[in-house]
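Student:
Residue numbers (mature numbering (1 follows the signal peptide of the UniProt record, and there is no 0)): -34 to -1, 1 to 161.
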C-alpha cells in the first residue's frame, strides 16, 4: 500500500465522518427539549405541554377566555383548547414567535402583579380586561400576536390541537362536510326556489 492510497483513505474517512456528523446535527431535537422553560413533566389541565410552563398556560388560557369568552352553551376559546393549539404551534410552525410569547407572558404577569394579582389568571375578570385594554391601547406586539393565535386555535382543524369538539366551528355555524351540494347559500336558494 502506497502512502498516497493511505492518504486518500484517510481523506475519504474524514469526509464520511464529517458528513455523518453534519447530518446528525441537522436532525431536529424534540420541541420540549429545545425550549428552556418546558420540561417533560409540565402539564396544564391534565395535558402535557410542549413549550409553555403551567403558569404561562394558565395565563394564556385566561387571556384566550377574555378574547373569545364562553357562551352560555359552553362555546369559547377556553373550551376549544386554544391554549393547547398555541403551545403546539410555538413548538412547531411558530417557533420564531416563542421569544415574543415568553416576553409577552412575562409582561402580562408583571401587569397583573401591579394590580395586586399573583398571576394574570388569578385576577378578577375586570382586572384582566383592564390589563388587556392597556396592552391593546399600547399596540403591544404580543397582544396582537396572541389574539390572532387565540382565534386561529378556535377555528383551526382539530388535528392541530385546538377547536376541540369542533367548538369554534359550531360557534360560527360551519359544517365540516367533505361534499357540498347546491344550494350553497341564500343566493343559490333563490334560484332553485323559482324552478
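We put the CB at the ideal spot given by N, CA and C, even for glycine.
Give the single residue among 43, 102 and 105 whose Cα lies nearest to the Cα of residue 122.
Tutor: Within the chain shown, residue 122 is the residue found at index 156, counting from 1. Nearest of 43, 102 and 105 to residue 122, Cα basis: 43.
Student: Taking the beta carbon of residue 113 as the centre, do at least 16 other beta carbons fall within 10 Å, making it buried, or is it exposed?
Tutor: Within the chain shown, numbered from 1, the residue matching residue 113 stands at position 147. Its Cβ being crowded by 16 or more others within 10 Å, residue 113 is buried.
Student: Would you mind reading off the limits of the alpha helix (DSSP H) that contains residue 109?
Tutor: Here residue 109 refers to the residue found at position 143 of the chain shown. Counting along the chain, the alpha helix (DSSP H) containing residue 109 begins and ends at 107 to 121.
Student: Buried or exposed: residue 41, going by 16 or more other Cβ atoms within 10 Å of its Cβ?
Tutor: The count along the chain shown starts at 1 and reaches residue 41 at position 75. It is buried - the Cβ of residue 41 has at least 16 other Cβ atoms within 10 Å.
Student: Output the distance between the C-alpha atoms of residue 29 and residue 134, rounded to the nearest integer angstrom.
Tutor: Your numbering for residue 29 matches position 63 in the chain shown. Your numbering for residue 134 matches position 168 in the chain shown. Note on geometry: alpha-carbon atoms of residue 29 and residue 134 lie some 17 Å from one another.
Student: Who are residue 68's beta bridge partners in DSSP?
Tutor: Taking the chain shown and counting its residues from 1, the one referred to as residue 68 is at position 102. Its beta-bridge partners do not exist; DSSP assigns none.
Student: Out of curiosity, what's the CA-to-CA distance linking residue 94 and residue 87?
Tutor: What you label residue 94 is simply residue 128 of the chain shown in a count that begins at 1. What you label residue 87 is simply residue 121 of the chain shown in a count that begins at 1. Roughly 8 Å between the two C-alpha positions.
Student: Go ahead and label residue -8 buried or exposed: buried means 16 or more other beta carbons lie within 10 angstroms of its beta carbon, across all protein chains shown.
Tutor: Your numbering for residue -8 matches position 27 in the chain shown. Any reading at residue -8 needs caution, since the residue's pLDDT is 36, under 50, leaving its predicted position unreliable; the model's value is listed next. It is exposed - the Cβ of residue -8 has fewer than 16 other Cβ atoms within 10 Å.
Student: Can you grab the Cα-Cα spacing for the pair residue 91 / residue 145, in whole Å?
Tutor: As a position in the chain shown, residue 91 is number 125, starting the count at 1. As a position in the chain shown, residue 145 is number 179, starting the count at 1. If you take the alpha carbons of residue 91 and residue 145, they lie about 42 Å apart.
Student: How would you write the range of the alpha helix (DSSP H) that residue 133 sits in, first residue to last?
Tutor: The residue you call residue 133 lines up with position 167 of the chain shown. Per DSSP, residue 133 belongs to the alpha helix (DSSP H) from 133 to 138.
Student: Please classify residue 67: is it buried, with 16 or more other beta-carbons within 10 angstroms of its beta-carbon, or exposed?
Tutor: Translated into positions along the chain shown, residue 67 becomes position 101. When all chains shown are included, residue 67 counts as buried.
Student: Suppose you measure from the CA of residue 179 to the CA of residue 54; what does that come to, to the nearest Å?
Tutor: Residue 179 cannot be examined here, being either before or after the span of the chain that is shown, -34 to 161.
Student: By the three-class DSSP mapping on this structure, what secondary structure does residue 13 have?
Tutor: Working through the chain shown from its first residue, we reach residue 13 at position 47. Residue 13 falls in the strand class under three-state DSSP.
Student: Give the secondary structure of residue 29 by DSSP, where H, G and I count as helix, E and B as strand, and everything else as coil.
Tutor: Locating residue 29 in the chain shown gives position 63, counting from the first residue. Of the three classes helix, strand and coil, the one that applies to residue 29 here is helix, per DSSP.
Student: Looking only at its own chain, which residues have a Cβ that is under 6 Å from the Cβ of residue 128, when we skip the five neighbours before and after it?
Tutor: Position 162 of the chain shown holds residue 128. The residues are 46, 47, 48, 51, 119 and 122.
Student: Using the C-alpha atoms, what's the distance from residue 96 back to residue 14?
Tutor: Position 48 of the chain shown, counted from the start, is the residue given in the question as residue 14. Position 130 of the chain shown, counted from the start, is the residue given in the question as residue 96. Rounded to the nearest angstrom, the two C-alpha atoms are 31 Å apart.
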